[in-house]
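Taken in order, the sequence shown gives residues 683 to 859; the numbers are from the working numbering.
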Amino acid sequence: MNLAGVPSVVYGLFGLGIFVVFLGFGASILSGSLTLGIMILPVIITASREALESVPHSFRVVSLSLGASKWQTIRHSVLPHAIPGILTGTILGLGRAAGEPAPILFTVAAFYLPTLPQSLFDQAMALPYHLYVISTQVPGITESVRFGTAMVLLMLVLFLNLTAIILRYRFRRRKRW
């Protein structure tokens, strides 16, 4: 899918134009969430399609020949075998969204907030944007703070990827075909 290769800056500008300006949501959690959701959608769709296509066609044929409806075939023969790939694609998409500062910068980020957001229409601070700000905009900040923030972000993305690998392994171990 071609949209998976679009740079995150383009998605950020799209979110700025559509959600922040055109729909009038302003720089808010809602704008940022919708933008990140659109950004990871191609990854999830591609992974889901690949997972569904990896289920052998004979499973569908046998299920239909035994008298199952199309929905029963999908529900009982296809989805149980495709779910590991679908979950893996979803978690990997979330990992991509967790590390992208550009869409956050354009749609939701605030430089400093003394309190937590109270609604979906409030601005928020996000770790990728925070790392960008302390690395480029705040003079005199120690390297340990910058590296510590980068390490937390790296560990978060690594944890999401590791979770995807473990889930996929556990699901595939239970299904032998």
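Glycine is no exception: its CB is placed at the ideal position from the N, C-alpha and C atoms. Here the structure is a predicted model, which is why all the values come from computation and not from measurement.
Buried or exposed (CB count within 10 angstroms, at least 16 for buried), residue i
{"i": "P796", "result": "exposed"}
{"i": "S738", "result": "Sequence check: residue 738 is Pro here, not Ser. Classification of P738: exposed, given that the 10 Å Cβ count is below 16."}
{"i": "L787", "result": "buried"}
{"i": "I823", "result": "exposed"}
{"i": "L705", "result": "exposed"}
{"i": "F793", "result": "exposed"}
{"i": "S801", "result": "exposed"}
{"i": "I694", "result": "Note on identity: in this sequence residue 694 is Gly, with Ile being the wrong assignment. Buried."}
{"i": "S652", "result": "Any question about residue 652 goes unanswered here, given that the chain covers just 683 to 859."}
{"i": "V702", "result": "buried"}
{"i": "F829", "result": "exposed"}
Residue i (DSSP reduced to helix, strand or coil)
{"i": "A806", "result": "strand"}
{"i": "A832", "result": "helix"}
{"i": "A780", "result": "helix"}
{"i": "A791", "result": "strand"}
{"i": "T749", "result": "Correcting the residue identity first, residue 749 is Gly in this sequence and not Thr. Three-state DSSP puts G749 in coil, outside helix and strand."}
{"i": "Q819", "result": "coil"}
{"i": "G708", "result": "coil"}
{"i": "T797", "result": "coil"}
CB-CB length for residue i against residue j, believed under 8 Å
{"i": "F853", "j": "P783", "result": "Not quite, the Cβ-Cβ distance comes to about 32 Å (not below 8 Å), so this is no contact."}
{"i": "V790", "j": "A806", "result": "5 Å"}
{"i": "T717", "j": "G697", "result": "3 Å"}
Test item: CB-CB of residue i and residue j under 9 Å
{"i": "P785", "j": "G714", "result": "yes"}
{"i": "T770", "j": "A729", "result": "yes"}
{"i": "G781", "j": "L712", "result": "no"}
{"i": "A846", "j": "L748", "result": "no"}
{"i": "R778", "j": "V691", "result": "no"}
{"i": "F803", "j": "S736", "result": "no"}
{"i": "S759", "j": "A750", "result": "yes"}
{"i": "L835", "j": "L813", "result": "yes"}
Nearest neighbour of residue i, chosen from the options [CA to CA]
{"i": "A733", "options": "A764, K752 and L718", "result": "A764"}
{"i": "R731", "options": "L761, L718 and L776", "result": "L761"}
{"i": "I768", "options": "F707, S817, V702 and L849", "result": "L849"}
{"i": "N684", "options": "I727, L695 and L718", "result": "I727"}
{"i": "L844", "options": "S826, L776, G708 and Q800", "result": "L776"}
{"i": "V688", "options": "T755, I720 and Q754", "result": "I720"}
{"i": "L842", "options": "T772, F707 and T755", "result": "T772"}
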